[in-house]
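Going by the numbering used here, the sequence shown opens with residue 478, and the numbers climb by one from there. A short worksheet on the structure shown next.
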Amino acid sequence: MEEIYVWQIIFLIIFSGFISIDRFAGMNIMISRPIIVAGIIGIVFNNIYAALMIGLIFEFIGMLEVPVGTTIVHDDSFGGYAGASAMFLGYINPDAVNILAAIFIISLLMYPVTLSDKGFREINRYFFRKSIVNNQTGNENKLIVLGIFLAFIRGVVVYNAALIIVLVFMSIISNFELNFTNLYEPVVALTIIAIFMFGYLLRYLIINRLYKVLLLALGFAAGWLII
Numbered sequence: 478m479e480e481i482y483v484w485q486i487i488f489l490i491i492f493s494g495f496i497s498i499d500r501f502a503g504m505n506i507m508i509s510r511p512i513i514v515a516g517i518i519g520i521v522f523n524n525i526y527a528a529l530m531i532g533l534i535f536e537f538i539g540m541l542e543v544p545v546g547t548t549i550v551h552d553d554s555f556g557g558y559a560g561a562s563a564m565f566l567g568y569i570n571p572d573a574v575n576i577l578a579a580i581f582i583i584s585l586l587m588y589p590v591t592l593s594d595k596g597f598r599e600i601n602r603y604f605f606r607k608s609i610v611n612n613q614t615g616n617e618n619k620l621i622v623l624g625i626f627l628a629f630i631r632g633v634v635v636y637n638a639a640l641i642i643v644l645v646f647m648s649i650i651s652n653f654e655l656n657f658t659n660l661y662e663p664v665v666a667l668t669i670i671a672i673f674m675f676g677y678l679l680r681y682l683i684i685n686r687l688y689k690v691l692l693l694a695l696g697f698a699a700g701w702l703i704i
């Protein structure tokens, strides 16, 4: 593992806040997409290829849900962030079983991370209602700035707290000696294509998202076994 510098850790913390802002509060310039999140982290850690592989996986997982109306889809941005960060911090290795374990843990944590957004939206709603009750006209810009600030804090606190949980579990899993297909072999592209098609089709099934994730994981595992 390459040496990790303090400035890289600081970048991850600050970047997590901007991911949250882009996804929930403003900008909307698509830096919150898992593949972009992972790609940027890959540039910072000087290994964009490995990062894009992780980002692609969580892009596929994000395809399991169709955003309809006011539905808040699960936070796949966190998946790209946690996956790439854990890998470059040395907690995920190229081993297939290790990767599958990381995907499973991160996918489970996407649910509470998404719920945290609802909590922060309630805080925003509270201040908005308070402004109306107090008849504070012309206060819109302050509310917008507050919303952006809260989104930034949410990313820094929630994303990194969940990332620490991922690192703890991955450090436990790393004690097991399990060696299978190396993630960085070129033949993995075939599996990536298969998962893409599988994830794209699964999004149209009217079943609970948990079952979709399990089906995708089974398809992913089958792809590794075939290779």
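Glycine residues also receive a C-beta, built at the ideal position from the N, C-alpha and C atoms.
Could you tell me whether the stretch 620-638 touches the stretch 564-584, where touching means 3 or more Cβ pairs closer than 8 Å? no
Within a Cβ cutoff of 6 Å, which residues of the same chain sit near Asn570, ignoring the five residues on either side of it in sequence? For the purposes of this step, residue 570 is taken as residue 93 along the sequence shown, with counting starting at 1. If we look at Asn570 and ignore the five residues flanking it on each side, it has no Cβ neighbours.
Which residues bound the alpha helix (DSSP H) around Ile536? Taking the sequence shown and counting its residues from 1, the one referred to as residue 536 is at position 59. Per the sequence shown, the amino acid found at residue 536 is Glu instead of Ile. From DSSP, the alpha helix (DSSP H) with Glu536 extends over 525-539.
Environment of Tyr482 [buried if 16+ CB atoms lie within 10 Å]: If you number the sequence shown from 1, residue 482 lands on position 5. When all chains shown are included, Tyr482 counts as exposed.
Please determine, among Ala628, Tyr558, Asn505, Met507, the residue with the shortest C-alpha to C-alpha distance to Leu529. In the sequence shown, the residue the question calls residue 529 occupies position 52. Leu529 has its Cα closest to that of Tyr558, out of Ala628, Tyr558, Asn505, Met507.
Contact check, Ile518 vs Ser562 under 8 Å by CB: the rounded distance? In the sequence shown, the residue the question calls residue 518 occupies position 41. In the sequence shown, the residue the question calls residue 562 occupies position 85. Yes, Ile518 and Ser562 are in contact; Cβ-Cβ is about 6 Å, under 8 Å.
Under the three-state reduction of DSSP, which class applies to Ser509: helix, strand or coil? By 1-based counting over the sequence shown, the position of residue 509 is 32. Residue state, collapsed to three classes: coil.
If the criterion is Cβ atoms closer than 8 Å, does the pair Val514 and Phe488 meet it? Here residue 514 refers to the residue found at position 37 of the sequence shown. Here residue 488 refers to the residue found at position 11 of the sequence shown. Cβ atoms of Val514 and Phe488: not closer than 8 Å.
Under 8 Å between the Cβ atoms of Gly539 and Ile525? By one-based count along the sequence shown, residue 539 stands at place 62. By one-based count along the sequence shown, residue 525 stands at place 48. For Gly539 and Ile525, no; Cβs fall outside 8 Å.
With DSSP collapsed to three states, give me the class of Phe522. Sequence index remark: in the sequence shown, residue 522 carries index 45 (1-based). DSSP places Phe522 in coil when its eight states are reduced to three.
Where does Leu566 sit, in a helix, a strand or coil, going by DSSP? Position 89 of the sequence shown, counted from the first residue, corresponds to residue 566. Leu566: coil per DSSP, three-state reduction.
Specify the secondary structure class of Phe657 as computed by DSSP and reduced to three states. On the sequence shown, residue 657 is found 180 positions in, with the first residue counted as 1. Confidence in Phe657 is poor, its pLDDT being 49 and thus under 50, which makes the residue's placement too unreliable to answer from.
Which listed residue (Phe535, Gly596, Gly624, Ala638) has its alpha carbon closest to that of Ile708: No answer is possible for residue 708: it lies beyond the span of the chain, which begins at 478 and ends at 704.
Out of Met507, Ile641, Asn523, point me to the one whose CA is closest to Glu536's CA. Numbered from 1 along the sequence shown, position 59 holds the residue referred to as residue 536. Ranking Met507, Ile641, Asn523 by Cα distance to Glu536 puts Met507 first.
Going by other Cβ atoms of all chains shown within 10 Å of its Cβ, with 16 needed for buried, is Ile486 buried or exposed? Along the sequence shown, read from residue 1 onward, the residue named residue 486 stands at position 9. The residue is exposed, with fewer than 16 neighbouring Cβ atoms inside 10 Å.
Taking the straight line between their C-alpha atoms, what separation do you get for Leu716 and Tyr568? Residue 716 is absent from the structure shown; the chain starts at 478 and stops at 704.
Nearest-angstrom Cα distance between Phe657 and Val590? Taking the first residue of the sequence shown as 1, we reach residue 657 at position 180. Taking the first residue of the sequence shown as 1, we reach residue 590 at position 113. A caution first: Phe657 carries a pLDDT of 49, below 50, which makes its placement in the model unreliable, though a value can still be read off. Computed Cα separation, rounded: 31 Å.
Taking the alpha-carbon positions, what's the Ile576 to Ala502 distance? Counting from one through the sequence shown, the residue named residue 576 turns up at place 99. Counting from one through the sequence shown, the residue named residue 502 turns up at place 25. Spanning the two alpha carbons is a distance of roughly 31 Å.
Assumed close pair Leu620, Phe604 - CB separation to whole angstroms, cut-off 8 Å: Position 143 of the sequence shown, counted from the start, is the residue given in the question as residue 620. Position 127 of the sequence shown, counted from the start, is the residue given in the question as residue 604. Going by Cβ atoms, the distance from Leu620 to Phe604 rounds to 6 Å, so yes, they are a contact pair.
Three-state class that DSSP yields for Ile600 in the structure shown: Here residue 600 is taken as the residue at index 123 of the sequence shown, counted from 1. In the structure shown, Ile600 sits in a helix (DSSP, three-state: H, G or I).
For a test of the three-state rule: what should DSSP assign to Gly556, helix, strand or coil? Here residue 556 is taken as the residue at index 79 of the sequence shown, counted from 1. Residue state, collapsed to three classes: helix.
In angstroms, rounded to a whole number, what distance separates the CA positions of Ile649 and Lys607? Taking the first residue of the sequence shown as 1, we reach residue 649 at position 172. Taking the first residue of the sequence shown as 1, we reach residue 607 at position 130. Looking at the two C-alpha atoms, the distance is approximately 47 Å.
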